[in-house]
Amino acid sequence: MRLDIDTYGTDRHVSWIDMLAYLACKCGGNFKAHRTKDWKALVQKLDEGQTMEQLAADMEYYSYYQEAYTAILGGFLGEFDIELDDPEHPGEKKWMHQYGLKAYSPIAEGYSYGDYDDFGSSRSYGYKRRHLGHDMMGSVGTPIVAVESGIVEALGWNQYGGWRIGIRSFDTKRYYYYAHLRRDHPYQSGLSVGSVVQAGDVIGYLGMTGYSQKENVNNINTPHLHFGMQIIFDESQKEGNGEIWIDVYDITQLLKKHRSTVAKDEQTREYTRVYRFRDPVTGHS
């Protein structure tokens, strides 16, 4: 990722997704078998002036991995505008145009949580099934933020997820699912199906609702956010047997270092982001 950011805007810009696709061809898509020397060799070849197109020309599955990683990570890096503290004028902020990581951890800055890689664990409420998300244990009321900019597609009660929000990325490839939100006040005011959210916006509050056909019930033993990510190559995969949910543990570990700073409004008692953000894909400011 760092090489992508550092070379952006130059005539030798290298996409981190292209690099991942190249390395996946080397290790068969199993990065646990990835060898550091493959990465170092790739960087050296790029430094010598070779392009990713040249290096991957004879790789049979390069385009396959490229499509897969673009679907998963395509909205994580890009240009954006963000309001930051102005060092020349203390107490004031100024807008900055940047290129870099524009996806955020779903847990706001300053709030602790516990987790482990629980994807695929057994669940039995309603029927026996695999856990297709990632549980992030925290305190009730912890602000939950949008990982990526998108459009709210689902908002309301679900007997399994309790109060939940579903947000679709603008390229339609990623569907983010945030569940078990707080009883009585699960969502940020003003949100509805069709709302546009910017990455890092507060969208709701951590809770323990769900496992109930009756609305607004706490039947989850431990307060946590269920965070899920569905990959959609074709609209027929959105619902049904063709759904593709991925293990997001490594993604949450990456985003743990990139959190949205929030502050409480004492009048509304809601939290909002401190540094405003504009993602060009939204067409909104």
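All letters in the sequence shown, in the order written, are residues 1 to 285 by UniProt numbering. We treat Cβ as the ideally placed atom computed from N, Cα and C, and that holds for glycine.
Taking a contact to mean a Cβ-Cβ separation below 8 Å, would you say residue i touches residue j in this structure?
i      : j      : result
Asp4   : Ser15  : yes
Ile232 : Thr282 : no
Asp18  : Met52  : yes
Leu77  : Met137 : no
Ser169 : Gly150 : yes
Tyr104 : His258 : yes
Met229 : Tyr176 : yes
Gly210 : Pro186 : no
Thr261 : Tyr271 : no
Tyr65  : Ala24  : yes
Within 10 angstroms of its Cβ, does residue i collect 16 or more other Cβ (buried), or is it exposed?
i      : result
Gln188 : buried
Leu84  : exposed
Pro223 : buried
Ala199 : buried
Gly75  : buried
Thr268 : exposed
Cys27  : exposed
Glu148 : buried
Asp265 : exposed
Asp250 : exposed
Val43  : exposed
Asp279 : buried
Phe277 : buried
Arg12  : exposed
Gly204 : buried
Assuming the contact rule is C-beta atoms closer than 8 Å, residue i and residue j should be a hit. Round their C-beta distance to whole Å, please.
i      : j      : result
Ala154 : Ile165 : 7 Å
Thr142 : Tyr111 : 5 Å
Val202 : Ala108 : 7 Å
Gly126 : Tyr178 : Their Cβ separation, rounded to whole angstroms, is 20 Å, which puts Gly126 and Tyr178 out of contact at 8 Å.
Asn218 : Arg183 : 6 Å
Phe119 : Lys102 : So it is not a contact: roughly 25 Å between Cβ atoms.
Gly162 : His134 : That pair is no contact at about 16 Å.
Ala57  : Tyr22  : In fact, because the Cβ distance is near 11 Å, the residues do not count as touching under 8 Å.
Trp245 : Leu73  : Wrong, their Cβ atoms sit about 16 Å apart, outside the cutoff.
Trp157 : Glu215 : 4 Å
Determine the extent of the alpha helix (DSSP H) in which residue i is found, giving its start and end residues.
i      : result
Arg2   : 2-7
Asp247 : Segment: none, Asp247 is in no alpha helix (DSSP H) and carries neither H nor E.
Tyr64  : 62-73
Thr36  : 36-47
Tyr22  : 16-27
Taking the continuous beta strand (DSSP E) assigned at residue i, which residues delimit it?
i      : result
Ala57  : Careful: Ala57 lies outside any beta strand (DSSP E) and carries neither H nor E.
Lys264 : 262-264
Asp85  : 77-85
Trp271 : Inspection of the sequence shows that residue 271 is occupied by Tyr rather than by Trp. 271-273 is the extent of the beta strand (DSSP E) around Tyr271.
Say the cut is 7 Å; is the CB of residue i nearer than that to a heavy atom of the ligand MN?
i      : result
His224 : Summarising the ligand content, the structure contains no ligands, and the ligand MN is consequently not present.
Start-end ranges of the beta strand (DSSP E) lying completely within the stretch 90-138, minimum 3 residues: DSSP runs (the beta strand (DSSP E)) wholly in the stretch 90-138: 93-101, 134-137.
Complete beta strand (DSSP E) runs within the UniProt domain "M23ase beta-sheet core" (130-230) (minimum length 3 residues, chain order): 134-137, 143-145, 150-158, 162-169, 174-179, 202-205
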